[in-house]
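J.:
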Amino acid sequence: MRKTLIATTVAAALALSACSDNTAPQQTANQQTTAEASNTAEANSGNPLMIKSTLQYEAPNFTEINDDHFLPAFVEGMQQHMAEVLAIANNPAPATFDNTLVALEKSGELLTRVSRIFYNLAGSNSNPQRREIQSELAPKMAAHSDNINLNPQLFARIKSLYNQRNDLKLDSESVRLIEVYYERFVRAGAQLTDEQKTAIRALNEEHSTLTNQFSQNLLAETKKIAVVVETKAELDGLSESQITAAANAAKAAGHEGKYLLSITNTTRQPVLAQLSNRELRQRVWQASANRAQSGDTDNRPLVARLAQLRAERAKLLGYDNWASYGLEAQMAKTPQAVFDMLGSMVPAVVANTNKEAAAIQEMIKQKGGNFELQPWDWEYYAEFVRQAKFELDENEVKQYFEFNRVLKDGVFYTMNRLYGVTFTPRPDLPVYHPDVEAYELFDADGTSLAIFYADYFAREGKRGGAWMSSFVGQSHLTGQKPVVVNVMNIPKAPAGEPTLVSYDNVTTMFHELGHGLHGMFSDVNFPTLAGTSVSRDFVEFPSTFEEDWAANPEVIANYAKHYQTGEAIPAELLQKVMNSRSFNQGFDTLEYMSAALLDMEWHSLSADEALQDVNAFEAAALKKHGVDLVAVPPRYKSTFFSHSMGGGYSAGYYAYMWSEILAADAFAFVQSQGGLKLENGQNYRKNILSVGNSRPPMESYKAFRGQEPTTDALLIRRGLKTKVD
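For reference, each letter of the sequence shown is one residue, going -23 to -1, 1 to 702 in mature numbering (1 follows the signal peptide of the UniProt record, and there is no 0).
Structure, rendered in structure tokens:
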């Protein structure tokens, strides 16, 4: 997943995607007292964030930065940015592309720098002080973006350029920039009345505060809901390495002599496939599924109010609901298009899931169980079904997927074969945690392209899931090259032991570097259009496209080797792995679709509807669409649905499926053109990865593919079709 925290914070402030009046900021920017200026200067003395890093490509010097530097840098950054924006807005000269949009693209340098560093660290390496800073910043950053985006003078200049964009004799990327700015301002409320602007300012501030609180609650919950296990016997089914890791985690948490099972971000928990103790499985599942529903970290009131807030904001902007507002700027365009896409798949997916459930229920019976299949039973008994059907032992498979070999001989190898690039370790560059490794990316001709940080292992203080983000974005205008990070939550083996990963984690590593390359191959002029700054239902396409290379025969032969002997994975075992890829697809697809439908239902509420009872609303939404299978809950429930409630994928979680249509079609096309070879990679890089948002996404796809995608390849990828008719 492309990380959206930066997008929703920095973009709000720097890409001008929110709204505000300009009276308050003029006073804030121009009437700073002498005492305030003195205090700011003193606080900023020696602050490394106040100047560009001298490291390559302005990579952050983490050895110099401490948490006390952030707030002063944010304050100064907002003041500088506001002064720059007001100078642009109040320029007496007629609006030109250079004195308005180019000037805006160059503004906010300090705020961009501190925001990217801080929010990346807050997500991947949080601590109490950083969480406090986040809470303090949330309303201030919302107000700052409001103070820019409802500035009538600024919008007048942008509108003037928009109206004459076809007569300015600009290149296509510059025209695209004008159109993107104009659309963002209008969608942010630039054409609202003064009264409406005041209302939307209040909604934006409350929304920022609540989304931050939602995320803070989930971080607190991660530690709070970890399951403490009294005896080793209860962990039957786990490997010795996993048991040792659980013992170490318990000791670190103050539970000496016990075992601790951490809860990952989805409803489904990986250990449920291994634990033979049914009571413990139920405890683990319930800790996951019922999180953030009690005490100080109860997210239910926040979910209800966030849905209402978004509906109210959409109404002010002239839309029936938040989904209609959000999808207008996406490839899908309308909520109905999303409901139609998902709804058309529900009957087949549910039927497939019911067949899987029947097979699992039969396996429970064969194993001597006398109970009805429950969510905490599914994965455990599904493994027995998988073994019976494919004679596949997941623990045996993992022995051929050692983390470092997967990364270097699998992921990096593929990118070299496809794009000609090389990842060179840079141990001299500072990192923000000992588990993080730095690399420099070189092109086929030896040109240095980017800095890449690999942060793959789970730890306390890191939010769940996997994502890509940037410390520095690419832009020819500013002369900046990308500094990108991939983040995952792979359980790290105890010291001295190899980390063995599941095939799911293997494909996720490929996926996230797809996002990474989207950022690192960016080759555009303007920061606003660079890298992954595309629509949500396009941004997951480049990442999903890379996943299937993990199974390419040449690639898998290079990395799937036994961690002890170095022997290649046996052909028979490999074939079982490949054959089993379609196994459990009913479950996998249904839990995703249920979450996507839930997201759309929350954001299809109108502003006139009352606050919802979260659990009742969730149950009704799933029943409405016929996806309310007891044994298959949504991948995310509302109270821990960060994509929908805490991040930038509100009314946008469907994007993974939409993007998969593009990815499957693109991958099938590349295979028809010879597969893993440089010519194919260069075509894809040139027309998809390098162009960012410098042209409409479908134009980019057709430039690469020669036509719009069809769903044939998706059906094959999902195991629902064997060949293209």
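From the three backbone atoms N, C-alpha and C, an ideal C-beta is built for every residue, glycine too.
How would you call K29, buried or exposed, if buried means at least 16 neighbouring beta carbons within 10 angstroms?
T.: It is exposed - the Cβ of K29 has fewer than 16 other Cβ atoms within 10 Å.
J.: According to DSSP, what are the bridge partners of A545?
T.: According to DSSP, A545 bridges with K538.
J.: Would you say the region 39 to 57 touches the region 100 to 114, given that touching needs at least three Cβ pairs under 8 Å?
T.: The region 39 to 57, when compared against the region 100 to 114, does touch it at the 8 Å Cβ threshold.
J.: Does the structure place the region 484 to 492 close enough to the region 518 to 529 that three or more beta carbon pairs sit under 8 Å?
T.: The region 518 to 529, when compared against the region 484 to 492, does touch it at the 8 Å Cβ threshold.
J.: Using the beta-carbon count (16 or more within 10 Å), is N43 buried or exposed?
T.: Exposed, since its Cβ has fewer than 16 Cβ neighbours within 10 Å.
J.: Given a threshold of 16 other Cβ atoms within 10 Å of its Cβ, counted over all protein chains shown, does A222 qualify as buried or as exposed?
T.: Its Cβ being crowded by 16 or more others within 10 Å, A222 is buried.
J.: Would a C-beta distance cut-off of 8 Å place M577 and A628 closer than the cut-off?
T.: A contact, by the Cβ cut-off of 8 Å.
J.: According to DSSP, what are the bridge partners of F47?
T.: In the DSSP output, where bridge partners are listed per residue, F47 has none listed.
J.: The beta strand (DSSP E) that contains N482, what's its start and end?
T.: Premise fails: N482 lies in the alpha helix (DSSP H), Y480 to M497, not in any beta strand (DSSP E).
J.: DSSP puts L145 in a beta bridge; with which residues?
T.: Its beta-bridge partners do not exist; DSSP assigns none.
J.: Distance check for L494 and S564, CA to CA, integer angstroms please.
T.: For the sequence presented, residue 564 should be read as Phe rather than Ser. Roughly 30 Å separates the two Cα atoms.
J.: Three-state secondary structure (DSSP) at D702?
T.: Residue confidence for D702 is low, a pLDDT of 46 falling below 50, so the modelled location carries little weight; the figure read from the coordinates is stated next. Residue state, collapsed to three classes: coil.
J.: With a threshold of 8 Å, are at least 3 pairs of Cβ atoms found where one atom belongs to the region 429 to 443 and the other to the region 192 to 211?
T.: Segments in contact, yes.
J.: Buried or exposed: which applies to K600, given that a residue is buried once 16 or more other Cβ atoms fall within 10 Å of its Cβ?
T.: It is exposed - the Cβ of K600 has fewer than 16 other Cβ atoms within 10 Å.
J.: Identify the continuous alpha helix (DSSP H) that holds W526 and give its terminal residues.
T.: Per DSSP, W526 belongs to no alpha helix (DSSP H) and is neither H nor E.
J.: Rounded to whole angstroms, what's the CA-CA distance from N331 to N561? Just pull it up for me.
T.: One C-alpha to the other measures close to 11 Å.
J.: With distances taken Cα to Cα, identify the nearest neighbour of A250 among R612, D354 and F419.
T.: Considering only alpha carbons, the answer is D354.
J.: CB-CB under 8 Å to L653, same chain, minus the five flanking residues each way: which ones, in chain order?
T.: The residues are T391, R394, L395, W526, N529, E531 and V532.
J.: Using the beta-carbon count (16 or more within 10 Å), is A537 buried or exposed?
T.: So A537 ends up on the buried side.
J.: Mapping DSSP to helix, strand and coil, what is E379?
T.: E379: strand per DSSP, three-state reduction.
J.: What do you get for Q4, buried or exposed, if any count of 16 or more other CB atoms within 10 angstroms of its CB means buried?
T.: Reliability fails at Q4, whose pLDDT of 32 lies under 50, so the model's placement of it is uncertain and the value that follows must be treated cautiously. Exposed, by the Cβ-count rule.
J.: Shortest alpha-carbon distance to Q259 belongs to which of P71, R142 and Q246?
T.: Q259 has its Cα closest to that of Q246, out of P71, R142 and Q246.
J.: For the pair the region 680 to 695 and the region 636 to 644, tell me if three or more CB-CB distances fall below 8 Å.
T.: Short answer: they touch.
J.: By Cβ distance, which residues of its chain are closer than 7 Å to L145, with the 5 residues on each side in sequence left out?
T.: Same-chain partners within the cutoff: F74.
J.: Does Q130 pass the burial test, meaning 16 or more other C-beta atoms within 10 Å, or should it be called exposed?
T.: Its Cβ having fewer than 16 others within 10 Å, Q130 is exposed.
J.: Here's the rule: buried if 16 or more other CB atoms are within 10 angstroms of the residue's CB, otherwise exposed. What is G683?
T.: With fewer than 16 other Cβ atoms within 10 Å, it is exposed.
J.: Please return the same chain residues whose Cβ sits closer than 7 Å to the Cβ of R662, not counting the five positions on each side in sequence.
T.: Taken in chain order, the residues that qualify are Y396 and F498.
J.: Only counting runs of 4 or more residues, tell me where the alpha helix (DSSP H) segments fall wholly within the region 123 to 209, in order along the chain.
T.: Taking only runs of at least 4 residues, the alpha helix (DSSP H) segments lying wholly in the region 123 to 209 are 129 to 140, 149 to 165 and 171 to 201.
J.: Following the continuous alpha helix (DSSP H) through M445, name the residue where it begins and the one where it ends.
T.: Looking at the DSSP string, M445 is not in any alpha helix (DSSP H); the run it does join, the beta strand (DSSP E), is W444 to V449.
J.: Based on the DSSP secondary-structure assignment, which residues constitute the bridge partners of D213?
T.: In DSSP, D213 forms a bridge with L215.
J.: Helix, strand or coil for A269 per DSSP?
T.: Note: A269 maps to coil in three-state DSSP.
J.: Just checking my contact of S192 with A119 at CB under 8 Å: how many whole Å lie between their CB atoms?
T.: S192 to A119, Cβ: 14 Å. No contact.
J.: Measure the alpha-carbon distance for L252 versus Q168 and round it to whole angstroms.
T.: Cα to Cα, the separation comes out at about 58 Å.
J.: Comparing C-alpha positions only, which one of L606, N535, S583 and F594 sits nearest to Y569?
T.: With distances taken between Cα atoms, Y569 lies closest to L606.
J.: Given a cut-off of 8 Å on the beta-carbon distance, is the pair L32 and L406 in contact?
T.: In contact: L32 and L406 (Cβ atoms closer than 8 Å).
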